[in-house]
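Student:
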Amino acid sequence: MSTSPAKPGGPVLTADGTPLKTSLERSLKLSKLRALGLILPPLVFLVILFVIPIGSLLTRSIDDGLSNKVLPKTLAAFERWDKTSEPDEAMFEALYLDMTAADRLDLSKLGTRMNYEKSGWRSLLKITARGLNRIDGPPYKPAILQLNKRWGDIKFWQSLGAMKDPVTLGYYLKAVDLKYDGNKNVMRVKKHNRIYQMLWWRTFLVSTIVTIGCLVLAYPVAHLLATLPLRLSNLLMICVLMPFWTSLLVRIVSWMVMLQQNGVVNDSLVSLGMLHDENRLAMMYNFTGTVIVMTQILLPFMILPIYSVMKTIPPSYMKAAQNLGATPSLAFIKVYMPQTVPGVGAGCILVFIVAIGYYITPELVGGKDGRLIGNLIAYHMQNSLNWGLAAAMGTILLVAILTLYWVYDKLVGVDNMKMS
Amino acid sequence: MRNYVLTTLLSTVVAVGMIGTAQAEVNVVTWGGAYAVSQQKAYGDTWKGEKINWINYNGGLGEIRTQVESGAVTWDVVDVLPDQVRTGCDEGLFESLDRDMFAPAPDGTPMDKDTMNKVPNDCVAPNIFWSYLAFYEEGTFKGEQPSTIADFFDVKKFPGKRGIHTWPNALIEMALLADGVPIDKVYEVMSTDKGIDRAFAKLDQIKEHAVFWSAGSKPIELVKSGETSMSLAYNGRVGAAVLNEGEKLVPIWDGQVVEEQWWVVMKGAPNVEAAKKFLVHATAPQQQAAQAKWISYGPMRKSALDLIKANEPWHHKGVNIMPHMPTREEVLPRSIFADPAWWADYGGEISERYTAWMSQ
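And the structure:
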């Protein structure tokens, strides 16, 4: 491509007379478009699989628009009320007008929603909606009270306070055993209904124990894998990978066979006389069971990153250290171990993140006190249908993991992490 | 190249179109195991219509709501639990069914009057009753044998561990019954905070002795291995162990909590007409009764139960099935029919409290 001789002061032109700048921009734009076209599939993939679901998760967890849509007048009347005196005729009138105008489907969905704040709302709304056509004009208060006397219970009215805004943090509060009272002050839920704080703590505890357990077990194995002669290390590698390739369920069920009250471990201990028949160990369907099984299942996620890092450490370093006068253990601690940190870091973060959201293992072997937050999320998705709460819990989990990742980045540096 | 793309596109369109039109099938979603087999034998093998695809699920409205809300409905007929049938119908997840399409009883009673319980809405078609009950193995106790639900909660009189499930349904009712609340007052008491406290106080008495189960096969294992001396279980599991395997298990019918299970058609089901036809077939008294040949769950229709009674031995192994029917007359006076409306209101709160109680 030749350019015409530049006129002093004028723009440089290409052969067809367009300015070089424009022509260059055009061709750059074209190649940018082509590049965009090339990354379009993964981009669309990313949007569909990550941005949209996570976005909808976030909106679900704070959305409380239904109550305002269905009961606008009632909520307005609620605002004017002093929250302690007996509800007056104006409130009942607003309620009647809202409920007669409401869509039947919205009303029953709202019943489900309101039932989270106070048990009984679901049937109260249902019974009332069914009886509305029997009311033929004011005064509404006695008529509605006659439909169901629970309308006279001030606690139902007070619970409206938690639902009056179209955006709520109520689900997040619930996820840590807090709630709004009628005046939107944050308070703790009743003592014997507190489960979430305990579950968050337990999930954190299990993940930490599993991570430490994996590290302790994986480090020597990885070291062996990296240092044994090839023939032996290949065999050992197969031993590591075989369970990794085996179905999760098969592995869980084998642990059940091993660890239950009349399982292999207990039977052997009893027959060896190390355990009395009445004192068989409870190692399954509880906290212990969850920890043991999860440690075994997540072990490869720790071994492989550590191994891949250890493999790259030249054996000559250890020899050099010992030549310079270090004892083997000192050389191991001072020279070898620091070099494995990237692998250890990667393994720990991988195991911890997978463990914190674990679901299937605790569900099957968790029993009474080994179930984790992931199981509660599944319960609220599938059974109680409280998707707002499930979304809030999911978001908290996501934020916790991102925070962890950030802390790791600050402490060790993500660039230092080696997955393979 | 362009030709190739065009052909591929065209053939895809044609293929999709064919899927759309050539669907002479019904997708029936139910629970797995022996229960699904009983349905396949009783309803599937006798069905002359469209091909049936049997699909298993683990209950819950989650998948159902997802399908209906996203508009991508692939299921037709679903076997659902009592609280789901109410919530789902209220939320518009199920088709409403014309009550006149179902076959009446032989004496002409319309179907909705032929069921042993009240039909809750227009979405449902009758299916079965099952129950939570206590049981033990013969020879576990010397002398006096446990015979009431109060005995189940009495670890002094009948020592040994107790198997109970990891969710509160039926347990609250049983605890109150065992504590002396009359059957017709149970839900009244349960609706007060004091009543719930009372139930948990009763549960406290067996807490130290409790072994928790969540899979339906577990209770039989617990009792047979001697890990627990008694356990709660689904009556069908105990029935199957006795009738099919010849186990010496003794069900305690006193204080059993009976639950209903219904059929529904998904809103916007792809094969809605075939689905309805299938339900008309499956809910006919003859088919309802046939189901009990294979598993000891009670048909919901009275006329079906009468059919079984008149034709004993009805079980496919040539033994009487009536002694294992949770809805036979003799056991009804000391049975509670679970109240789904109560559980819809309080289930969430009670589950939380039960979870907290369990892991303390």
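Protein sequences, first through last, are from chains A and B. One point on numbering: in this note's numbering, the residue at position 410 of the first sequence is 1800, and numbering is uninterrupted. One point on numbering: in this note's numbering, the residue at position 266 of the second sequence is 269, and numbering is uninterrupted. Even glycine gets a Cβ: it sits at the ideal position worked out from N, Cα and C. All of these numbers come straight from a predicted model, not from anything done at the bench.
What are the residues of the segment 304–331 of chain B that lie near chain A, defined by any Cβ-Cβ distance shorter than 7 angstroms?
Tutor: none
Student: What does the Cβ neighbour count give for residue 165/B, buried or exposed, with the cut at 16 atoms within 10 Å?
Tutor: buried
Student: If we count the other Cβ atoms within 10 Å of its Cβ and call it buried at 16 or more, is residue 1451/A buried or exposed?
Tutor: Residue burial is scored here from C-beta neighbours: residue 1451/A has at least 16 other C-beta atoms within 10 angstroms and is therefore classed as buried.
Student: Beta-carbon separation of residue 92/B and residue 130/B under 7 angstroms?
Tutor: Not a contact, by the Cβ cut-off of 7 angstroms.
Student: Please work out which residues of its chain come closer than 7 angstroms, Cβ to Cβ, to residue 109/B, disregarding the five sequence neighbours upstream and downstream, and give them in chain order.
Tutor: 288, 306
Student: Please state if the CB of residue 1583/A and the CB of residue 262/B are separated by a distance shorter than 7 angstroms.
Tutor: no
Student: With which residues is residue 1402/A paired in a DSSP beta bridge?
Tutor: DSSP lists no partner for residue 1402/A.
Student: Apart from the five residues on each side of it in sequence, which residues of its chain come closer than 7 angstroms, Cβ to Cβ, to residue 260/B?
Tutor: 134, 135, 173, 176, 177, 339, 341
Student: Please report the straight-line C-alpha distance between residue 1741/A and residue 100/B, rounded to a whole angstrom.
Tutor: Cα atoms of residue 1741/A and residue 100/B: separation of roughly 51 angstroms, rounded to the nearest angstrom.
Student: Of all the residues that make up the segment 1752–1769 of chain A, which are near chain B by a beta-carbon distance shorter than 7 angstroms?
Tutor: For the segment 1752–1769 of chain A, which is checked against every Cβ of chain B, the residues closer than 7 angstroms are 1757, 1758, 1759.
Student: Would you identify the three-state DSSP class for residue 1491/A, choosing helix, strand or coil?
Tutor: helix
Student: When the Cα of residue 329/B is compared with those of 96/B, 272/B, 238/B, 251/B, which residue comes out closest?
Tutor: 238/B
Student: Taking the C-alpha atoms as reference points, what is the distance between residue 1783/A and residue 258/B?
Tutor: 38 angstroms
Student: Can you give me the C-alpha to C-alpha distance between residue 343/B and residue 1602/A, rounded to a whole angstrom?
Tutor: 46 angstroms
Student: How would you write the range of the beta strand (DSSP E) that residue 173/B sits in, first residue to last?
Tutor: First-last for residue 173/B: undefined, no H or E at that position.
Student: Could you run through the segment 132–159 of chain B and flag, in chain order, every residue whose CB is less than 8 angstroms away from some CB of chain A?
Tutor: none
Student: Distance, Cα to Cα, residue 316/B vs residue 1660/A?
Tutor: 46 angstroms
Student: What number of angstroms, rounded off, separates the C-alpha of residue 1563/A from the C-alpha of residue 229/B?
Tutor: 44 angstroms
Student: Is residue 1685/A near residue 1604/A, with beta carbons less than 7 angstroms apart?
Tutor: Cβ atoms of residue 1685/A and residue 1604/A: closer than 7 angstroms.
Student: Okay, do the segment 61–71 of chain B and the segment 104–118 of chain B touch, 3+ Cβ pairs below 8 angstroms being the bar?
Tutor: Between the segment 61–71 of chain B and the segment 104–118 of chain B there are fewer than three C-beta pairs closer than 8 angstroms, too few to call the two in contact.
Student: Looking only at its own chain, which residues have a Cβ that is under 8 angstroms from the Cβ of residue 1478/A, when we skip the five neighbours before and after it?
Tutor: 1471, 1531
Student: Where does residue 96/B sit, in a helix, a strand or coil, going by DSSP?
Tutor: It is coil, neither helix nor strand.
Student: Could you pull the start and end residues of the beta strand (DSSP E) that residue 255/B belongs to?
Tutor: Start and end: 252–268.
Student: Can you list the residues of chain B that residue 1675/A reaches, using a CB-CB cut of under 7 angstroms?
Tutor: 215
Student: Going along the chain, which residues of its own chain have a beta-carbon closer than 6 angstroms to the beta-carbon of residue 1757/A, five neighbours each way excluded?
Tutor: 1675, 1676
Student: Hey, residue 1518/A and residue 1538/A are a contact pair by Cβ (cut 8 angstroms); roughly how many whole angstroms apart?
Tutor: Rounded, the Cβ-Cβ distance is 6 angstroms, consistent with contact.
Student: Just to check my reading of the structure: residue 1781/A and residue 1439/A have Cβ atoms closer than 8 angstroms, yes? What is that Cβ distance to the nearest angstrom?
Tutor: That pair is no contact at about 17 angstroms.
Student: Determine, using beta carbons only, whether residue 1666/A comes closer than 7 angstroms to chain B.
Tutor: no
Student: Can you check which of these residues, 119/B, 90/B, 115/B, 118/B, is closest to residue 1498/A by C-alpha distance?
Tutor: The shortest Cα separation from residue 1498/A among 119/B, 90/B, 115/B, 118/B belongs to 90/B.
Student: State yes or no: is the beta carbon of residue 1669/A nearer than 7 angstroms to at least one beta carbon in chain B?
Tutor: no
Student: Starting from residue 129/B, trace the beta strand (DSSP E) both ways and give me its first and last residue.
Tutor: 128–140
Student: Spell out whether any CB of chain A is found under 7 angstroms from the CB atom of residue 24/B.
Tutor: With a pLDDT of 45 at residue 24/B, under the threshold of 50, the predicted position of this residue should be treated as unreliable, and no value is reported.
Student: Relative to the C-alpha of residue 368/B, which candidate in 272/B, 223/B, 234/B, 362/B has its C-alpha closest?
Tutor: No answer is possible for residue 368/B: the residues shown for chain B start at 4 and end at 363.
Student: Quick one: what does DSSP say residue 1760/A is sitting in, helix, strand or coil?
Tutor: coil
Student: Return the CA-CA distance between residue 96/B and residue 1458/A, expressed in angstroms with no decimal places.
Tutor: 23 angstroms
Student: Assuming residue 1680/A and residue 1752/A form a contact by the criterion Cβ under 8 angstroms, report the distance between their Cβ atoms to the nearest whole angstrom.
Tutor: 5 angstroms
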